[in-house]
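J.:
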Amino acid sequence: MWARLWAAPGGALAFGALVLVTAWLAAALPLAWDASSDAGLRAALERARPADRLLSATASAAPDTGGTGQLRTRVSPRTVERADTALRRAVRAPLRLADGKGAYGVHTATPAEATGAGLPRPSPGLPPKATVTAQARLAERSRIVRGRLPRPKVTGPQGRQHLEAAVSTATARRMRLAPGDSFRLRGVPDAMTVRITGVFTPRGSARQTADSPFWHAEPTLLRPSLVTVPPTSPGGTKETYWHFTAVIHPEAAPALLTLRDGAELYFHHPLDTSALAGRQAGAVRRQMAELSASGATARLRTAAGVGRLTFGTGLPETLAAYERESDAVQPLLLTAAVGLATTAGTVLLLAAAPAAERRRAELALLRARGISLPGLAGRLLAETALVAVPTGAAGAGTALWTSDGGRTGWALAAAGAVTVTAALALPLRAVVAHRRPVPPTARPDTPGRRSRRRTVAELTVCVLAAGAVAALRQGGAGDGDGTGAGGSGNGGGDLLPVLAPVLSALVAALLLMRCCPPLLRLLSRLAARRRGPVAFLGLARAARAPSAVPGPALWALLVAVTVASFGGMVLAGVADGRDAAALGAVGADARLATPGSADLPPGFARKAARAAGVEQVTAYRAHDGGDLAGVADAVTVALVDAPGYARLTRRNGQGAFPAAALTPGKDTTGPLPALMSPGLARKLGNGSRYTDLVLPGLQIPVRPALVRDATPAAQQGPFVVVSREAVARARPDTRGTALLAPNTLLAGGHPDGTALRRLLTEAFPKADTTTLVTLRTTERARYADTALKSGAERLYRLAALSAAGYSALAVVLCLLHTAPERRALLTRLRTLGLTRRQGTGLLLLESLPLYALTAAAGAVTSLAAVPLLGPGIDLRALAGTPGPLPVRLTADTASLLLPPLALLVLAGCGLLVQARLTGGTADLRTETQEL
14 MWARLWAAPG
24 GALAFGALVL
34 VTAWLAAALP
44 LAWDASSDAG
54 LRAALERARP
64 ADRLLSATAS
74 AAPDTGGTGQ
84 LRTRVSPRTV
94 ERADTALRRA
104 VRAPLRLADG
114 KGAYGVHTAT
124 PAEATGAGLP
134 RPSPGLPPKA
144 TVTAQARLAE
154 RSRIVRGRLP
164 RPKVTGPQGR
174 QHLEAAVSTA
184 TARRMRLAPG
194 DSFRLRGVPD
204 AMTVRITGVF
214 TPRGSARQTA
224 DSPFWHAEPT
234 LLRPSLVTVP
244 PTSPGGTKET
254 YWHFTAVIHP
264 EAAPALLTLR
274 DGAELYFHHP
284 LDTSALAGRQ
294 AGAVRRQMAE
304 LSASGATARL
314 RTAAGVGRLT
324 FGTGLPETLA
334 AYERESDAVQ
344 PLLLTAAVGL
354 ATTAGTVLLL
364 AAAPAAERRR
374 AELALLRARG
384 ISLPGLAGRL
394 LAETALVAVP
404 TGAAGAGTAL
414 WTSDGGRTGW
424 ALAAAGAVTV
434 TAALALPLRA
444 VVAHRRPVPP
454 TARPDTPGRR
464 SRRRTVAELT
474 VCVLAAGAVA
484 ALRQGGAGDG
494 DGTGAGGSGN
504 GGGDLLPVLA
514 PVLSALVAAL
524 LLMRCCPPLL
534 RLLSRLAARR
544 RGPVAFLGLA
554 RAARAPSAVP
564 GPALWALLVA
574 VTVASFGGMV
584 LAGVADGRDA
594 AALGAVGADA
604 RLATPGSADL
614 PPGFARKAAR
624 AAGVEQVTAY
634 RAHDGGDLAG
644 VADAVTVALV
654 DAPGYARLTR
664 RNGQGAFPAA
674 ALTPGKDTTG
684 PLPALMSPGL
694 ARKLGNGSRY
704 TDLVLPGLQI
714 PVRPALVRDA
724 TPAAQQGPFV
734 VVSREAVARA
744 RPDTRGTALL
754 APNTLLAGGH
764 PDGTALRRLL
774 TEAFPKADTT
784 TLVTLRTTER
794 ARYADTALKS
804 GAERLYRLAA
814 LSAAGYSALA
824 VVLCLLHTAP
834 ERRALLTRLR
844 TLGLTRRQGT
854 GLLLLESLPL
864 YALTAAAGAV
874 TSLAAVPLLG
884 PGIDLRALAG
894 TPGPLPVRLT
904 ADTASLLLPP
914 LALLVLAGCG
924 LLVQARLTGG
934 TADLRTETQE
944 L
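Counting the sequence shown from 1 gives a position; my numbering is that position plus 13.
1) List the DSSP bridge partners of R604.
2) In three-state terms, what does DSSP make of V707?
3) With distance defined between alpha-carbon atoms, name the residue in L552, Q851, A72, C528 nearest to L539.
4) Can you give me the start and stop residues for the beta strand (DSSP E) that Q629 sits inside?
5) Beta-carbon within less than 6 Å of A727's beta-carbon, same chain only, minus the 5 sequence neighbours each way: which residues are those?
6) Is L198 helix, strand or coil by DSSP?
7) How big is the Cα-Cα spacing for R466 and L472?
8) How many Å lie between D494 and Q221 at the Cα?
9) For my contact list, L866 and C475 are in at a C-beta cut-off of 8 Å; report their separation, rounded to the angstrom.
10) Determine the DSSP secondary structure at S69, reduced to helix, strand or coil.
11) Give a yes or no on contact between the region 231-242 and the region 183-199, applying the rule of three or more CB pairs nearer than 8 Å.
12) So, does the region 884-902 touch the region 581-599, judging by three or more C-beta pairs under 8 Å?
13) Given this structure, state the Cα-to-Cα distance separating Y796 from D602, to the nearest angstrom.
14) Just to confirm the assignment, what range does the beta strand (DSSP E) spanning Q148 have?
15) Note down, one range per segment and in chain order, each alpha helix (DSSP H) of at least 4 residues found wholly within the region 567-626.
16) Taking 8 Å as the threshold (C-beta atoms), are L858 and A548 in contact?
17) Roughly how many angstroms separate the alpha carbons of P165 and L284, rounded to a whole number?
18) For H120, name the three-state secondary structure that DSSP assigns.
19) If you reduce the DSSP assignment to three classes, tell me which class T736 lands in.
20) Less than 8 Å separating the beta-carbons of P691 and D722?
21) Within 10 Å of its beta-carbon, does R748 have 16 or more other beta-carbons around it, so buried, or fewer, so exposed?
22) Terminal residues of the continuous beta strand (DSSP E) containing T210?
23) Which partner residues of S238 appear in the DSSP bridge assignment?
24) Comparing C-alpha positions only, which one of R298, P403, T182, G295 sits nearest to T214?
25) Exposed or buried, what is L535 when buried is set at 16 or more other beta-carbons lying within 10 Å of its beta-carbon?
26) List the DSSP bridge partners of T128.
27) Please state the DSSP three-state secondary structure of P725.
28) Beta-carbon separation of P43 and A427 under 8 Å?
29) How would you label K802, buried or exposed, when you count the other beta carbons within 10 angstroms and need 16 or more for buried?
30) Under 6 Å Cβ to Cβ from L108, same chain only, skipping five residues before and after it: list those, please.
31) Which residue marks the beginning of the beta strand (DSSP E) containing F670, and which one marks its end?
32) What are the partner residues of T168, as DSSP defines its beta bridges?
33) Starting from E231, trace the alpha helix (DSSP H) both ways and give me its first and last residue.
34) Quick check on DSSP: helix, strand or coil for A498?
35) If I'm right that L216 touches M205 with Cβ under 8 Å, what's the distance once you round it to whole angstroms?
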């Protein structure tokens, strides 16, 4: 074996490099997906509200849940601490809690109205509300700024008790509280008085405080919040009040039982995200559901001793949302992985062809001397395993060493499959080729009799491909909600839709192998009528497929080209979907809104048009609460400059229309033409009826003259677009007033966000312009800012590029496979007077037709995937776009043409190099050896 390796070191090194890279890729992809999903889960927990990323539980201490003595024992510090310990012990892997970072204690069951001389009231009729909490370990986590911490002493008779409490610095500043001040809580027969004894601030840095569940589990512990109360009647005004928290000593918690709704025990614990993997999200959610189940709750209730525990739904909902996103992305990645695995596996099998061809005579001699097929296979397996096993292990080890963890079992299994395939490729090929003695005079390019088994196998593949396409179109892969075929809740889904692209390419390869020889034989007959032997010989040899491109090589090339093109179309569809979603969200390349819907200053649009990168602007008056009398309320209304707005719609391709359609005739007494959403237009008979459009200070009759699904001025919901000039002509009293003054501006081109914000800051110096200027590029980047989506897109791009690389490698292997036979052919023909130029032409005419047909078949198969597979593939999960509209495959020109053209260029260059290397003086001894 060692002698064989030393005899051909170049081939052994190339084979080892191929196995090394393929094993690394096979092991790295599942590890990279695990790392991406882990990062995605951690990012999802970080994005969630503090209450939605904690294991939260509460226990009621309301008056109807027990006697007075029982409730006082329940809210005592010792009982609360024991209950917290029991809860943490009930948690088991994979759910792990972060040690020492939780918060637990007792607080009022509902916020109580607080009255005091200095307490602020944004709405005079609404007093602030306070939550009084007895949170454990406040002294360890805080630092007193003024005064002192509250003491456990409670004075006063029942119903008129006096408590000591402390507040945070932000609460003291906003609520105008200082040590010595007091306020009263309503909710008892008389009132409970709370006296402030100190003001505290958290220990540690601001970043530590911002990430600490201890300070954020209770929403208003550090800073009060302004709560908005919706109006009780139509046309009413919203009212607001402050909600703040005061902290008492844990020993004083029994005093809270005198409130009307009593008290409530709470336990908040963050997850240990460093030990939580993305694949464990479902198990964690199921374990939390088990904690709420009757049996587990009974055991926990007995151990805690605080009554029934009610678990919060925030964390399970966060985990469920992550699971839906992950399950929707997985089928798309699995489609790319299957295509890459098919291409790489075929290339590994094809890599054995040059060695088998080079050793054909040697293996035939061994068979003639009596070696058995198992003996021959074992001998070759030992030779290939000597290279494949260490290089495969090195590739897997490199992937494990460079990864951030993950399921090593999957990675090792994938690398092991690559190693086994590489090691068995040559022995299996030799066994198939030499299962019967081959006569020395047999020609390898002689077509054999068609086998019925082959016909049955091909028909089976066609049926499977048709079933896969049908299943994909019916169920879908990568549905936005993750519930389609291939996107089922378990993340695995049905494998048949995932195989649809590969099976389609396989069917195309079978059709190509069936149709190419007759076509090329017809061309060879036509070439026989011309002078010169080159065209006839080249096309005649091309008609014998094994002599030019072997069947497995043809399949490998077509699958590789199709997978590469399909991956490019998926990525193009993702990019187009993000562009369309960003355009729909912004309305143009940039949108400028005014603070509080104030009017844009005169001449602002002209200044914005001169800003850097701005090519077109249009300003309009936006109303979010318009009313179509008797039809709909809460309608988005835009009073636009019709010519400029029409140009913008044509430029963006968002419901383009002629400006004249919104311009009324000479009669200004009739209803004004309007552009409406389909739902509103249907209710008005698509233009047969009209109604009044009611806005603050303005009422005009309108009728639907145009119907569009989308328009730049409305991002969602029903909308009405009316010309400002038409309104001014119908109502002259509104011309030049604030009723028609624009308050929103849309800009097209490549606007500079900094310049636009500077203009808006100059117009409104006191406003925060950060959120008032929205760029399409920023909105587009937001769709891919999650770790899961960006990681999935990177993995898909890697799979598509790897498939393209294996396609190029398949071309090289095809050339190497046929190189000895071509060299022998040119040697024989040059002894008969064939020139070097004619030899080059012969090689090109022999192989390029098949390569050209393969490239064309790959492009056609990829193009056919758009109507065949496109309706069943929703790329929303990979694109990360919101809304109900699906993101489909895009027939991208570059994705369709670049892989086939690259195949032709590479094949042509390889053939030219091969012709150059086989040039020179003919050597009859070499020719004899080749034969």
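The beta-carbon is built from N, C-alpha and C at its ideal position, and this holds for glycine as well.
T.: Short version:
1) The count along the sequence shown starts at 1 and reaches residue 604 at position 591. Per DSSP, L759, T787.
2) Position 694 of the sequence shown, counted from the start, is the residue given in the question as residue 707. It is a strand residue.
3) As a first step, residue 539 is located in the sequence shown; it is residue number 526 there, counting from the start. Closest by alpha carbon: L552.
4) Position 616 of the sequence shown, counted from the start, is the residue given in the question as residue 629. Per DSSP, Q629 belongs to the beta strand (DSSP E) from 627-641.
5) Within the sequence shown, residue 727 is the residue found at index 714, counting from 1. Excluding sequence neighbours, A727 sits near T649.
6) Position 185 of the sequence shown holds residue 198. Looking at L198 - three-state DSSP - the assignment turns out to be strand.
7) Residue 466 sits at position 453 when you count from the first residue of the sequence shown. Residue 472 sits at position 459 when you count from the first residue of the sequence shown. Going by the C-alpha atoms only, they are around 10 Å apart.
8) Stepping through the sequence shown from its first residue, residue 494 is reached at position 481. Stepping through the sequence shown from its first residue, residue 221 is reached at position 208. The predicted model places D494 with a pLDDT of 48, which falls under 50 and marks its position as unreliable; any figure quoted below should be read in that light. Between D494 and Q221, the C-alpha separation is close to 36 Å.
9) Indexing the sequence shown from 1 puts residue 866 at position 853. Indexing the sequence shown from 1 puts residue 475 at position 462. With a Cβ gap of about 19 Å, L866 and C475 do not count as contacting.
10) As a first step, residue 69 is located in the sequence shown; it is residue number 56 there, counting from the start. DSSP places S69 in strand when its eight states are reduced to three.
11) The region 231-242, when compared against the region 183-199, does touch it at the 8 Å Cβ threshold.
12) yes
13) The residue you call residue 796 lines up with position 783 of the sequence shown. The residue you call residue 602 lines up with position 589 of the sequence shown. Rounded to the nearest whole angstrom, the C-alpha separation of Y796 and D602 is 16 Å.
14) Numbered from its first residue, the sequence shown carries residue 148 at position 135. Start and end: 142-148.
15) Listed in chain order, the alpha helix (DSSP H) runs fully inside the region 567-626 are 617-622, counting runs of at least 4 residues.
16) What you label residue 548 is simply residue 535 of the sequence shown in a count that begins at 1. What you label residue 858 is simply residue 845 of the sequence shown in a count that begins at 1. For A548 and L858, yes; Cβs fall inside 8 Å.
17) Your numbering for residue 165 matches position 152 in the sequence shown. Your numbering for residue 284 matches position 271 in the sequence shown. Between P165 and L284, the C-alpha separation is close to 32 Å.
18) Looking up residue 120 in the sequence shown gives position 107. Here H120 sits in strand by DSSP.
19) Numbered from 1 along the sequence shown, position 723 holds the residue referred to as residue 736. According to the sequence as given, residue 736 is Ser; it is not Thr. Of the three classes helix, strand and coil, the one that applies to S736 here is strand, per DSSP.
20) As a working mapping, residue 691 is identified with position 678 in the sequence shown. As a working mapping, residue 722 is identified with position 709 in the sequence shown. Contact flag set, yes.
21) On the sequence shown, residue 748 is found 735 positions in, with the first residue counted as 1. Around the beta carbon of R748, fewer than 16 other beta carbons sit within 10 angstroms, so the residue counts as exposed.
22) Along the sequence shown, read from residue 1 onward, the residue named residue 210 stands at position 197. From DSSP, the beta strand (DSSP E) with T210 extends over 205-215.
23) Counting from one through the sequence shown, the residue named residue 238 turns up at place 225. According to DSSP, S238 bridges with H256.
24) As a first step, residue 214 must be located in the sequence shown, where it is residue number 201. Out of R298, P403, T182, G295, T182 has the C-alpha closest to the C-alpha of T214.
25) On the sequence shown, position 522 is the one that residue 535 refers to. Exposed, by the Cβ-count rule.
26) Indexing the sequence shown from 1 puts residue 128 at position 115. In the DSSP output, where bridge partners are listed per residue, T128 has R197.
27) Along the sequence shown, read from residue 1 onward, the residue named residue 725 stands at position 712. P725 falls in the coil class under three-state DSSP.
28) Taking the sequence shown and counting its residues from 1, one reaches residue 43 at position 30. Taking the sequence shown and counting its residues from 1, one reaches residue 427 at position 414. Yes. Within cutoff.
29) The count along the sequence shown starts at 1 and reaches residue 802 at position 789. K802 should be labelled buried.
30) Counted from its first residue, the sequence shown places residue 108 at position 95. For L108, the CB contacts under 6 Å within the same chain, skipping 5 residues up- and downstream, are V297, Q300 in chain order.
31) Along the sequence shown, one-based indexing puts residue 670 at 657. Looking at the DSSP string, F670 is not in any beta strand (DSSP E), and its letter there is neither H nor E.
32) The residue labelled residue 168 in the question sits at position 155 within the sequence shown. Paired residues: H175.
33) By one-based count along the sequence shown, residue 231 stands at place 218. Note, E231: premise wrong, no alpha helix (DSSP H); not H, not E.
34) For the purposes of this step, residue 498 is identified with residue 485 of the sequence shown, where counting begins at 1. Per-residue confidence for A498 stands at a pLDDT of 35, beneath the threshold of 50, marking its modelled position as unreliable; the derived number appears in the next sentence. Looking at A498 - three-state DSSP - the assignment turns out to be coil, as it is neither helix nor strand.
35) Reading the sequence shown from its first residue, position 203 is the one you call residue 216. Reading the sequence shown from its first residue, position 192 is the one you call residue 205. It is Arg, not Leu, that sits at residue 216 in the sequence shown. Your pair R216 and M205 does not check out as a contact, with CB atoms roughly 30 Å apart and the cut at 8 Å.
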